[in-house]
Amino acid sequence: SLDGHLRAHATDTGQVIWDFDTANQFRTVNGVEGRGGSINGPGPTVVDGMVYVVSGYGSFGFMPGNVLLAFGVED
């Protein structure tokens, strides 16, 4: 969403069951800090049990940033 949050909703009620604020600083795989921001454009991509989302959209006054976030389920 444009507020930088990635949310999961219950399929039966639409209630938010998970919320992650991407508009934060993140330590990246190459050790350089990155910053997330607004989410706009293509939605999250799911591949092999991982969810990938790009965060940061500075056009038209929204929150800039530039990170690719990856979410997985712990074993």
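The C-terminal residue of the sequence shown carries number 927 in our numbering, and the numbering is unbroken.
Built from N, CA and C at the ideal position, the CB exists for glycine as well.
Per the C-alpha coordinates, the member of D900, N876, T897 and G883 positioned closest to G889 is N876. If only complete runs of 4 or more residues are kept, the segment 853 to 909 shows no alpha helix (DSSP H) anywhere. Following the DSSP letters along the chain, one finds V919 inside the beta strand (DSSP E) bounded by residues V919 to F923.
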